[in-house]
Amino acid sequence: MKDMIQVSRVACQEKGAYAIFQYIENIMVEKTTMFYIKAHVCNLEKALQGHQASVTYQGGIMETEALSLIDADRYPVHLPESTAYLTLIQQCRHDIKTYGACRLPGFTTPDATRRMAMETDRVVHEAYPCRDTHNVYMEKDNDAFSEDHPRRRGQTSELDVIAYDQIDPGDGLYILYQWDDLLHFIAVVLEHASYYRMADPLAALTVNVMHEGQNHGWHFDEAEVTTTLMIRKPEEGGVFEYVHNLRTDDRNEYDQVNRALNDKHPDIQALEVEPGTLLIFSGYYSMHRVTPVKGHVTRYVATLCYKDQPNVYNSPEVQKLFYGRTA
Ligand SMILES: [Fe+2]
Numbered sequence: 144m145k146d147m148i149q150v151s152r153v154a155c156q157e158k159g160a161y162a163i164f165q166y167i168e169n170i171m172v173e174k175t176t177m178f179y180i181k182a183h184v185c186n187l188e189k190a191l192q193g194h195q196a197s198v199t200y201q202g203g204i205m206e207t208e209a210l211s212l213i214d215a216d217r218y219p220v221h222l223p224e225s226t227a228y229l230t231l232i233q234q235c236r237h238d239i240k241t242y243g244a245c246r247l248p249g250f251t252t253p254d255a256t257r258r259m260a261m262e263t264d265r266v267v268h269e270a271y272p273c274r275d276t277h278n279v280y281m282e283k284d285n286d287a288f289s290e291d292h293p294r295r296r297g298q299t300s301e302l303d304v305i306a307y308d309q310i311d312p313g314d315g316l317y318i319l320y321q322w323d324d325l326l327h328f329i330a331v332v333l334e335h336a337s338y339y340r341m342a343d344p345l346a347a348l349t350v351n352v353m354h355e356g357q358n359h360g361w362h363f364d365e366a367e368v369t370t371t372l373m374i375r376k377p378e379e380g381g382v383f384e385y386v387h388n389l390r391t392d393d394r395n396e397y398d399q400v401n402r403a404l405n406d407k408h409p410d411i412q413a414l415e416v417e418p419g420t421l422l423i424f425s426g427y428y429s430m431h432r433v434t435p436v437k438g439h440v441t442r443y444v445a446t447l448c449y450k451d452q453p454n455v456y457n458s459p460e461v462q463k464l465f466y467g468r469t470a
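In C-alpha cells:
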C-alpha cells in the first residue's frame, strides 16, 4: 500500500502561501516519486518529511506539470539556490543591459511548444482582428508637430489577438504563466522585490497571431520589459527587428527614430527567435517591429504580462482596441 500524506492547510497558511495553497488543498501526496513544490514557497518539505513524492490532484495547476513543459536541465528556474540558477540570472541581466534583450532558446521543450501551437490552433478563429494606425509612441496623430516628425509618422499594425480569457486553464501556456517559479525567476532577473501577474482578464496572457501579410509596425512598448514566448514561426518574414536604446527616461532620440523609420539606421537588428524561445525584452527603450509574414504558416507569439504592482488592469479604451471588448 502506498504511503500517503495529507498536505496540511496549516503548513501552507503558516507561510502565507495562499496562492499555492489554493491548488494544493486536500491533495493526497505519494512519497514514492518526484514532487516539486518548493520549500521556500510553503515549507512543504517539512510537511512531506523530506520525502520525494508525486501528486494526484483534481483540476489545479501543479508545479510538476509546469516543469514538464520546459528544459529544466538547461534552465533550472525551479532551483533558486543552485549555482546554475545564479549563473543564468547573471547572464540574463548582462544580456538585457548590453543588448536590451535576453533570449532563452529551447526554454520550452519541442513537445511542449508543439502542444502550445496545437492548443492555439483550437482557438485561433476566436482571435480579435486588431487593426491600428499609431505613431511609434503608440499615440494617435498629433498635428502640433511638423509632418516629418516621428510623432506624426503613422505606423500600421495588423494582427489578431487571442485574449487571456480565451486560453483554457488546462493549456500549456496557461500553466506556464501561472507558474510561480517563472514569475519569481523573471522578477529576480529584473531585480524587482515584488512582481505580480497582471490582473487584466484579457491582457494578462495573450497570443499575437499573424497570418500572411500581417505585421506589427515600429513602436515602443508601454511596459519597461516584455516577456514573450515564440510558439510558431512562419516560413518567411515575421522577423522581430529592433534598435536598442532609442529613448531614455528623460529623452527622445527623434533623429535616430527617424533614421530607423527610413530603414537607414545602422543598428537595426533582426533577432533570431525560434519556437520555444523565451524572450525578455526591454521594449520601452528599444523601438521594435515585426515585419510582414510570408507564406501560409501562421506566426504565434505569446506575451506573458507581469507587473511590479498588484491589480493592474488596462483601461477600457485599450481593452477595446486590442480585444474588441471590455472586461
Ligand atoms: Fe511591442
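Residues 144 to 470 (this note's numbering) are what the sequence shown spells out, left to right. Positions of the beta carbon are idealized from the N, C-alpha and C atoms, including for glycine. Small disclaimer: the values here were computed from a predicted structure and weren't measured.
Restricting attention to beta strand (DSSP E) runs no shorter than 3 residues, the segment 259-347 encloses them at 271-277, 298-305, ordered along the chain. By the Cβ test, the segment 409-421 is not in contact with the segment 290-304, since fewer than three Cβ pairs between them sit closer than 8 Å.
In the DSSP assignment, Q412 forms a beta bridge with Y385. Of the residues A330, Y280, E290, D216, the one whose Cα lies closest to the Cα of F363 is Y280. Closest option to C448, judged by alpha-carbon separation, among L222, L326, H221: L326. Secondary structure of V352 (DSSP, three-state): strand. Distances from the alpha-carbon of E262 to those of V433, E417, K463, T349 put T349 closest. Considering only E367, I318, V352, Y320, the residue with the shortest C-alpha distance to H335 is E367.
Within the DSSP bridge table, the entry for C245 names I423 as partners.
In the displayed model, A445 falls within a strand according to three-state DSSP. Distance check between P344 and each of S458, H221, G380 places S458 closest, using alpha-carbon atoms only.
By the Cβ-count criterion, A255 is buried, with 16 or more other Cβ atoms from all chains shown falling within 10 Å of its own Cβ.
Taking 8 Å as the cut-off, one finds no heavy atom of ligand 1 near enough to the beta carbon of H292.
H221 carries a coil assignment under DSSP once its states are collapsed to helix, strand and coil. Under DSSP, E379 shares a beta bridge with K437. Not one heavy atom of ligand 1 falls within 8 Å of the beta-carbon of H277.
In chain order, the residues with a C-beta atom nearer than 5 Å to some heavy atom of ligand 1 are D364, G426. Around the C-beta of K283, fewer than 16 other C-beta atoms lie within 10 Å, and the residue is accordingly described as exposed. Distance from T446 to N351 at the Cβ level is roughly 7 Å; contact confirmed, criterion being Cβ atoms closer than 8 Å.
The DSSP-derived three-state label of L372 is strand. When the alpha-carbon of H387 is set against those of K437, V267, E378, R432, the nearest one is in R432.
Listed in chain order, the non-local C-beta contacts of G249 below 6 Å within the same chain comprise D214, G419, local neighbours out to five positions each way being set aside.
For the pair of segments examined, the segment 314-330 was found to touch the segment 212-227: the number of CB pairs separated by less than 8 Å reaches three.
For V440, same chain residues with a beta-carbon under 6 Å away, outside a window of 5 residues either side, are P377, E378 in chain order.
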